[in-house]
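Student: Mind having a look at this structure? Questions to follow.
Number of protein chains: 2
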Amino acid sequence: MEGALSGQGAAAEPLERLRERLAELADLEAVCGLLGWDQETMMPPAGVRARADQLATLERLLHERLTAAEVGDWLERCNGAGPAGVEEQPTPAGEPDVPADRDAALVRVARRDRDKALRVPVSLRAELARARSLGQHAWARARAADDFAGFLPQLRELVALTRRYIACFPDVEHPYDAVLDDYEPGMRTEQVRSVFAQLRDGLAPLIAAIERSRAEGLAPERLSGPFPADAQRRLVRDVLIGVGFHPSRSRLDESQHPFSTTVALEDQRITARFTEDSLEALFAGLHEFGHALYDSQIDRALERTPLCAGVSSSVHESQSRLWENMVGRSRAGAAYLLPRLRDAFPGRFDDIDESGLYRAVNVVERSLIRVQADEVTYALHIILRFELELELFEGSLEPDDLADAWRERARSYLGVEVPDDARGVLQDIHWSFGGFGYFPTYALGNMIAAQLWACAREDHPDLEERIAAGDFAPLREWLGGRLHRYGRMFTPAQTLRRAIGADLDAKPFLDYLWDKHSDIHGLRRD
Amino acid sequence: MEGALSGQGAAAEPLERLRERLAELADLEAVCGLLGWDQETMMPPAGVRARADQLATLERLLHERLTAAEVGDWLERCNGAGPAGVEEQPTPAGEPDVPADRDAALVRVARRDRDKALRVPVSLRAELARARSLGQHAWARARAADDFAGFLPQLRELVALTRRYIACFPDVEHPYDAVLDDYEPGMRTEQVRSVFAQLRDGLAPLIAAIERSRAEGLAPERLSGPFPADAQRRLVRDVLIGVGFHPSRSRLDESQHPFSTTVALEDQRITARFTEDSLEALFAGLHEFGHALYDSQIDRALERTPLCAGVSSSVHESQSRLWENMVGRSRAGAAYLLPRLRDAFPGRFDDIDESGLYRAVNVVERSLIRVQADEVTYALHIILRFELELELFEGSLEPDDLADAWRERARSYLGVEVPDDARGVLQDIHWSFGGFGYFPTYALGNMIAAQLWACAREDHPDLEERIAAGDFAPLREWLGGRLHRYGRMFTPAQTLRRAIGADLDAKPFLDYLWDKHSDIHGLRRD
Chain A
15 MEGALSGQGA
25 AAEPLERLRE
35 RLAELADLEA
45 VCGLLGWDQE
55 TMMPPAGVRA
65 RADQLATLER
75 LLHERLTAAE
85 VGDWLERCNG
95 AGPAGVEEQP
105 TPAGEPDVPA
115 DRDAALVRVA
125 RRDRDKALRV
135 PVSLRAELAR
145 ARSLGQHAWA
155 RARAADDFAG
165 FLPQLRELVA
175 LTRRYIACFP
185 DVEHPYDAVL
195 DDYEPGMRTE
205 QVRSVFAQLR
215 DGLAPLIAAI
225 ERSRAEGLAP
235 ERLSGPFPAD
245 AQRRLVRDVL
255 IGVGFHPSRS
265 RLDESQHPFS
275 TTVALEDQRI
285 TARFTEDSLE
295 ALFAGLHEFG
305 HALYDSQIDR
315 ALERTPLCAG
325 VSSSVHESQS
335 RLWENMVGRS
345 RAGAAYLLPR
355 LRDAFPGRFD
365 DIDESGLYRA
375 VNVVERSLIR
385 VQADEVTYAL
395 HIILRFELEL
405 ELFEGSLEPD
415 DLADAWRERA
425 RSYLGVEVPD
435 DARGVLQDIH
445 WSFGGFGYFP
455 TYALGNMIAA
465 QLWACAREDH
475 PDLEERIAAG
485 DFAPLREWLG
495 GRLHRYGRMF
505 TPAQTLRRAI
515 GADLDAKPFL
525 DYLWDKHSDI
535 HGLRRD
Chain B
15 MEGALSGQGA
25 AAEPLERLRE
35 RLAELADLEA
45 VCGLLGWDQE
55 TMMPPAGVRA
65 RADQLATLER
75 LLHERLTAAE
85 VGDWLERCNG
95 AGPAGVEEQP
105 TPAGEPDVPA
115 DRDAALVRVA
125 RRDRDKALRV
135 PVSLRAELAR
145 ARSLGQHAWA
155 RARAADDFAG
165 FLPQLRELVA
175 LTRRYIACFP
185 DVEHPYDAVL
195 DDYEPGMRTE
205 QVRSVFAQLR
215 DGLAPLIAAI
225 ERSRAEGLAP
235 ERLSGPFPAD
245 AQRRLVRDVL
255 IGVGFHPSRS
265 RLDESQHPFS
275 TTVALEDQRI
285 TARFTEDSLE
295 ALFAGLHEFG
305 HALYDSQIDR
315 ALERTPLCAG
325 VSSSVHESQS
335 RLWENMVGRS
345 RAGAAYLLPR
355 LRDAFPGRFD
365 DIDESGLYRA
375 VNVVERSLIR
385 VQADEVTYAL
395 HIILRFELEL
405 ELFEGSLEPD
415 DLADAWRERA
425 RSYLGVEVPD
435 DARGVLQDIH
445 WSFGGFGYFP
455 TYALGNMIAA
465 QLWACAREDH
475 PDLEERIAAG
485 DFAPLREWLG
495 GRLHRYGRMF
505 TPAQTLRRAI
515 GADLDAKPFL
525 DYLWDKHSDI
535 HGLRRD
C-alpha cells in the first residue's frame, strides 16, 4: 500500500487538497468539542443563547465544506488508487504501518462521511436540529414533572423525522441499520439482535443464581456514605493520575453529568460530579479516563484527519467500561484503591479488606434506572430500549404507546414495577435529542471490553498483579498498541479482529461475569 | 434613515445575505476569542500545538469568507442605499435609533473591513503570521536572557514585513497612518503627534512640581505587602461584584497576564494575576472590568454583526482606565475600597484613612517599566515608543539602532538610565507580534477617559458621592447610554462627539491630573 496514492502524480494534487480540507474539518470538529466542554463546565449561564448560534454556525460550515462539490471532485480523482483495498485485503500478519496506509483510509472514511452527509437533505437536517433542541427542553420539563404526555408532541416529531432520515437510506437491510450505522459503521441490526439474544440467554441463569445467593444472605452490601466531596475530589484526581491521567495534557473538571471531550490528542478533558452519598464519582472518573486514554493514544500521524477518533461508539464505550469495571471493580482494582480510600476517608475503611471492598462495589440488583445498574443487569436495560427502538422504526410501535410498552417490558425483563414515567420511559435523555441507535452501543461496549480484557490477560499473565501494585502501564500500552493507535484506519469489525483476532461475541463477557460472581456470591455455573 | 435599505426591494436580498455572512463571521470571531481565553486560562500545556492549528484554520476561514467575491457583490448591490450617509450626516440632536440605523452602518463597516482585508496579499499575511509567532518565542527568550541581539533577526523581519504591509496602503498621508488605522479607524498620525505634543508640554511642569514636593518630603509612600493571595482573590471578586460584575454573565479567572475576552454580550471573561507584594490585581481587576462592561452594554440589536465591538482601541482603553484610575484611584474610590481592604486584610489597614489610601495608590515616580508606571508619567513611556515607531516607518531609524535609541530617549523623556535591554527595549511584547501602531492607543485612552469622566461628573454632580457609597449604577448607565450601546455604529470620532460633544483633547486629562496631584502633593498650578 505504501505510497499507493502519493506516488500517482495525477492523484497527488487532489489528495493534497483533500488532506487540507479534512484538516480544516478536523479543526472545526475539535473546536465544537471545546465549545461543548466550555458550555458544560465554564460558561456563565447567560452565555447559552450565543453559544447555540456559535455551534450552529460551526456545524453549518462543517456540513457545507464536507459536501462541497470540489470535495467530490478530489475524491473522484483519488479513486481506484487503492482506498477500496483496505476493505478487501486480509488482516496482515505484521503491524500495519499507520503513516503509509493512512491516505487510502483517509479517502475511504472521507467518502463514507461525505456520502452520508449528502444523503440527507439540508432541510431535514435543519428540522432535526430544531426538533432536537426543542426536544431536550421539553424532555427536561417533562421528566421533572413526570409528564410523559408533555413530552409526546416532541417525541412524535423526533420519531417522524427519524423515520424520514431512515428513508434517506433506502438500500439498508433493516430500517434500524440506518441509525445504527451512525454509531456503529457497518454493523447490521441482525447482528445486534443475535448477540443480544446470546447475552439475554446467558444472563438469565446468572441473575437467577445471584438471586438465590441473595436469598441465602450471601450477597454483599453496598458501601454507604457520606463521603465528603472535597476528599472525593482529591481521591479521584490521585487515582486518575495513578492510572495514567497526565495533568500536562488533560484536565479534570466538574459538570452536571460526567463526560469526556477530546480537544486534541494532547488536550483531553474529563469531568466528574461529586455526590456525598456514594463513590459513583470514582468509578465514573475511571470510566471517563478510559474514553480519554483511547483518544490520547491514537497515532500522531492521524492528527487533523477524520481518522483521528474512536472507530465506533461501542469500541469507545468498551474502553470506558474496561477501566471502570474490569479494572476498577476487579479484585486487583480493590487492592489498588483500598489504601487510597483509607487515606481519603480516615477511619472509614478500617473495617473492610480488599475482598470486602471488591464485594461491596459489585452488588447486583434488579433496578429501575439504567445509569445506576450493575454490570450484570445493565444489559437488560439496554435490550429493553433496543427492542422498543426496533419496533418504533419497524412501524409496529407508535410513540403514544411507548410508556406502556416500557412498563410491560420492565416487568418482564427487569422484574421491576415502574412507579412513574420519570423513572421509566423518561429517564434517559437520548430520545429527546433523537439519539435513536445509540443505546445498543453501551451493551456492545461491555462485551467488547470483556473480549479485550481476556486477551490482555492472556498476553500479560501478571496483568492483575501489576494493577494491584499500581502499575497500569502494561494495560495502557497493550490497549494503545492493539487498538488505540489505529483510530478509524480500519472498519470497526477489522479493528476488533486486529486487536483480538475475533469478532464480536457475548461469551467472554458472560464468562467474565460468571467468574466474578461465582467468586463473590459463591455460585456454581451449571 | 429608517428602512433606507430594507425598503428597497432590489437591495433587500443582498442585504439579507450580507447579514447572514456577517453573523457567521461574528460567530467565528467570538469562537477565536474563546479559544484564546481557554489557551491562557484552562488549556493543558501540551494542547498548544493543536490550538495553533485550530486558530489558524478559523482565521483563514474568517479571511476567506469576508473577502469572497459574493460578499463584494452583495456590498455593491447595497451601495448608494444610505450607508455613506452615516459619515456625512451631522450628529443628530436626539438619540439615534440603533436598530433603524444599523443596516447602513453594517454596510459601511463591512466594506471597510473587507477592503482592508483585500489590500494585503494572502502571502504577506501568511509571512506576517509566521513572523509574529516566531517573534513572540524569540522575544520571550531574548528578554529572559537580556539579549537584544538574539531578538534582532525577528525584529528586522517584522519591521520589514510591516513596511511591506504599509506599502499596501499607498494612499495614506503618513506611512504610520496605515498601522494606526488598524486600531484607530480614521485617525491620522498628525493628530496623534499634535495631541501628544500638547500632553508632553502639559506634563513637564506637573512632573517638575511633583518632584519638588517629593524633595520637600510631601509625597506619599506606596502600600507595601505582603497581601495574601487568597484574601486578594476574595477581595477582587467582591469589589468587582460591587461595581457591577455579574457572575451569571461573566467569569473571573487567573492567567499569567490579566486580560478580558468577550465571547458574547452576556459572556464576558476577565482574568487577574495575584502577586502578594502589591494590590496590583485589584486595580488590574477594575481595569479589565472596564473593558468587559463596554462590550456587555453594546445594544443587543448589534449582536452577531461586526458593529458589536468597541469602536477603537483607544476608546476601549478609555473604559478600562476610567474604572482603574478615575474610579479606583479617586478619593471616592478609596472611600469605597477602604472598608473592603480592612475586611480582606484584618489589621493591615487600621492605621490608614481614606485620604491615606487615596495618597498611597497615587504615588508618582519616574520609572523604567511602562506597565508599572503611574498615571502621570505613563504617557512619557508611550510617547517614547510612538516616536521610535514613527522613525522606524518613516525610515529614519533601523531595528539595529533601536536599543540605543531607547536608552537615549529614556534618559531624556523619563530621566532614567536603562540598566539593561530587558528593562528597556525588550520590556514589552507588542513589537514581537508586529503590533506597531498599538502603543499610542494607551495614552489616547487615558485622555478620552478624562474627557468622559469630566462629562459624567457634569451630568451627575453627585457621581463621586454615589461611588463612595458603593452605587456605581449611575456611572455604568451613563457610559452605557452615551457610549457603550453604539458599538461600531459610528466612526470613533463621531462616537466621541456623540458621547461628550467634543473631539480628542489632552486638556481634560491634564486638568484631572493637576487637580488630583494638587490635592495629594499640595501643588499650585502656575
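Same order as they appear, the protein sequences are chains A and B. If you count by the numbering used here, then the first sequence holds residues 15 to 540, one letter each, in order. If you count by the numbering used here, then the second sequence holds residues 15 to 540, one letter each, in order. All C-beta atoms in this analysis are idealised placements derived from N, C-alpha and C, irrespective of residue type, glycine included.
When the cut-off is 7 Å and only beta carbons count, does B:Arg-263 lie next to chain A?
Tutor: Residue 263 of chain B sits at position 249 when you count from the first residue of the second sequence. True, the Cβ-Cβ gap to chain A drops below 7 Å.
Student: Using 8 Å for Cβ pairs, my map puts B:Leu-120 next to B:Leu-80. What's the rounded Cβ distance?
Tutor: By one-based count along the second sequence, residue 120 of chain B stands at place 106. By one-based count along the second sequence, residue 80 of chain B stands at place 66. About 13 Å; that fails the 8 Å criterion.
Student: What are the residues in the region 37 to 53 of chain A lying within 8 Å of chain B by C-beta distance?
Tutor: Ala-37, Glu-38, Asp-41, Leu-42, Ala-44, Val-45, Leu-48, Leu-49 and Asp-52
Student: Here's the rule I'm using: 16 or more other beta-carbon atoms within 10 Å means buried, otherwise exposed. How should A:Pro-189 be labelled?
Tutor: For the purposes of this step, residue 189 of chain A is taken as the residue at position 175 of the first sequence. By the 10 Å Cβ count, A:Pro-189 comes out buried.
Student: Taking 7 Å as the threshold (beta carbon to beta carbon), is A:Pro-59 in contact with chain B?
Tutor: The count along the first sequence starts at 1 and reaches residue 59 of chain A at position 45. Closer than 7 Å to some Cβ of chain B, the Cβ of A:Pro-59 qualifies, so yes.
Student: By alpha-carbon positions, which one of A:Asn-376, A:Leu-382, A:Ile-396 and A:Arg-399 ends up nearest to A:Asp-388?
Tutor: Against the first sequence, residue 388 of chain A aligns to sequence position 374. For A:Asp-388, the nearest C-alpha among the options comes from A:Asn-376.
Student: With H, G and I counted as helix, E and B as strand and the rest as coil, what does DSSP make of B:Arg-496?
Tutor: On the second sequence, position 482 is the one that residue 496 of chain B refers to. In this structure, B:Arg-496 counts as helix in the three-state DSSP scheme.
Student: For A:Thr-176, is the classification buried or exposed, using 16 other Cβ atoms within 10 angstroms of its Cβ as the cut-off for buried?
Tutor: Indexing the first sequence from 1 puts residue 176 of chain A at position 162. The residue in question, A:Thr-176, is buried, as its Cβ has 16 or more Cβ neighbours within 10 Å.
Student: Please name the residue, chosen from A:Ala-60, A:Arg-128 and A:Phe-210, that lies closest to A:Leu-76 on a Cα-to-Cα basis.
Tutor: Looking up residue 76 of chain A in the first sequence gives position 62. That would be A:Arg-128, whose Cα lies nearest to the Cα of A:Leu-76.
Student: Run through the region 175 to 230 of chain A for me and flag every whole alpha helix (DSSP H) of 4 or more residues, listed as ranges in chain order.
Tutor: 189 to 197 and 203 to 229
Student: Output the distance between the C-alpha atoms of A:Pro-583 and A:Leu-169, rounded to the nearest integer angstrom.
Tutor: Shown here, chain A extends from 15 to 540; a query on residue 583 of chain A therefore has no answer.
Student: Measure the alpha-carbon distance for B:Asp-555 versus B:Arg-318 and round it to whole angstroms.
Tutor: Only positions 15 to 540 of chain B appear in this structure, which leaves residue 555 of chain B out of reach.
Student: Which term fits B:Gly-536, buried or exposed, when burial requires 16 or more other beta carbons within 10 angstroms of its beta carbon?
Tutor: Sequence index remark: in the second sequence, residue 536 of chain B carries index 522 (1-based). So B:Gly-536 ends up on the exposed side.
Student: Determine whether the Cβ of A:Thr-71 lies closer than 7 Å to any Cβ atom of chain B.
Tutor: Residue mapping note: residue 71 of chain A aligns to position 57 of the first sequence, counting from 1. Chain B, which has a Cβ nearer than 7 Å to the Cβ of A:Thr-71, makes this yes.
Student: What residues in the region 299 to 327 of chain B have a beta carbon less than 8 Å from any beta carbon of chain A?
Tutor: Glu-317 and Arg-318
Student: In three-state terms, what does DSSP make of A:Gln-282?
Tutor: Translated into the one-based positions of the first sequence, residue 282 of chain A becomes position 268. Strand at A:Gln-282.
Student: Any idea what DSSP makes of B:Arg-248, helix, strand or coil?
Tutor: If you number the second sequence from 1, residue 248 of chain B lands on position 234. Taken through DSSP and simplified to helix, strand or coil, B:Arg-248 comes out as helix.
Student: Mind checking the region 269 to 292 of chain B against chain A and listing, in chain order, the residues whose C-beta falls within less than 9 Å of any C-beta there?
Tutor: Val-277, Ala-278, Leu-279, Glu-280, Asp-281, Gln-282 and Arg-283
Student: From B:Glu-198 to B:Asp-367, what distance separates their C-alpha atoms?
Tutor: On the second sequence, position 184 is the one that residue 198 of chain B refers to. On the second sequence, position 353 is the one that residue 367 of chain B refers to. When rounded, the distance between both Cα atoms is 41 Å.
Student: According to the neighbour-count rule (16 or more other Cβ atoms, all chains shown, within 10 Å of its Cβ), is B:Val-1 buried or exposed?
Tutor: With chain B covering 15 to 540 only, the question about residue 1 of chain B has no answer from this structure.
Student: In its own chain, which residues sit with a C-beta less than 7 Å from the C-beta of A:Arg-251, not counting the 5 before and 5 after it?
Tutor: Taking the first residue of the first sequence as position 1, residue 251 of chain A is located at position 237. Result list for A:Arg-251: Leu-266, in chain order.
Student: So, under 8 Å CB-CB, A:Ala-513 and A:Leu-497 are touching, yes? Tell me the CB distance rounded to an integer number of Å.
Tutor: As a working mapping, residue 513 of chain A is identified with position 499 in the first sequence. As a working mapping, residue 497 of chain A is identified with position 483 in the first sequence. Contact flag correct, Cβ pair sits at about 4 Å.
Student: Below 7 Å between beta carbons is the criterion; list the residues of the region 430 to 453 of chain B that meet it against any residue of chain A, in chain order.
Tutor: The residues in question: there are none.
Student: From which residue to which residue does the alpha helix (DSSP H) around A:Leu-477 run?
Tutor: In the first sequence, the residue the question calls residue 477 of chain A occupies position 463. Per DSSP, A:Leu-477 belongs to the alpha helix (DSSP H) from 477 to 482.
Student: Can you give me the C-alpha to C-alpha distance between A:Asp-529 and A:Met-56, rounded to a whole angstrom?
Tutor: Within the first sequence, the letter at position 515 stands for residue 529 of chain A. Within the first sequence, the letter at position 42 stands for residue 56 of chain A. Taking the CA atoms as reference points, A:Asp-529 sits about 43 Å from A:Met-56.
Student: In or out: A:Glu-101 buried (at least 16 other Cβ within 10 Å) or exposed?
Tutor: Here residue 101 of chain A refers to the residue found at position 87 when the first sequence is read from its first residue. Residue placement at A:Glu-101 cannot be trusted, given a pLDDT of 44 that sits under 50; what the coordinates show is reported in the next sentence. In this structure A:Glu-101 is exposed. Its beta-carbon is surrounded by fewer than 16 other beta-carbon atoms within 10 angstroms.
Student: So, with DSSP's three-state summary, where would you put A:Val-390?
Tutor: Counting from one through the first sequence, the residue named residue 390 of chain A turns up at place 376. Here A:Val-390 sits in coil by DSSP.
Student: According to DSSP, is A:Val-430 part of a helix, a strand, or is it coil?
Tutor: Here residue 430 of chain A refers to the residue found at position 416 of the first sequence. In this structure, A:Val-430 counts as coil in the three-state DSSP scheme.
Student: Whose C-beta lies closer than 6 Å to the C-beta of B:Val-206 among residues of the same chain, with five residues either side of it excluded?
Tutor: In the second sequence, residue 206 of chain B corresponds to position 192, counting from 1. Contacts found: Pro-454.
Student: Excluding the 5 residues flanking A:Cys-322 on each side, which residues of the same chain have their C-beta closer than 6 Å to its C-beta?
Tutor: What you label residue 322 of chain A is simply residue 308 of the first sequence in a count that begins at 1. Once the five neighbours on either side are set aside, the close Cβ partners of A:Cys-322 are Ile-312, Leu-316 and Gly-501.
Student: By Cβ distance below 6 Å, which residues in the same chain neighbour A:Ser-410 in space, the five residues on each side in sequence not counted?
Tutor: Position 396 of the first sequence, counting from 1, holds the residue named residue 410 of chain A. Counting only residues of its own chain and dropping the five nearest sequence neighbours on each side, A:Ser-410 has no CB closer than 6 Å to any other CB.
Student: Is it a yes or a no for the region 435 to 450 of chain A touching the region 142 to 153 of chain A, going by three-plus beta-carbon pairs under 8 Å?
Tutor: Enough Cβ pairs lie closer than 8 Å, so yes.
Student: Under three-state DSSP, which class holds B:Glu-268?
Tutor: By 1-based counting over the second sequence, the position of residue 268 of chain B is 254. DSSP places B:Glu-268 in strand when its eight states are reduced to three.
Student: Which bits of chain A does B:Ala-64 rub up against, with CB to CB less than 9 Å?
Tutor: By 1-based counting over the second sequence, the position of residue 64 of chain B is 50. Within chain A, the residues near B:Ala-64 are Asp-41, Ala-44, Val-277, Ala-278, Leu-279, Glu-280, Asp-281, Glu-317 and Arg-318.
Student: Classify A:Thr-391 as buried or exposed, calling it buried when 16 or more other Cβ atoms lie within 10 Å of its own Cβ.
Tutor: Translated into the one-based positions of the first sequence, residue 391 of chain A becomes position 377. Buried is the call here.
Student: Whose Cβ in chain A lies nearer than 8 Å to the Cβ of B:Asp-127?
Tutor: The count along the second sequence starts at 1 and reaches residue 127 of chain B at position 113. Near B:Asp-127 there are no residues of chain A at all, since even the closest Cβ is about 18 Å away, more than 8 Å.
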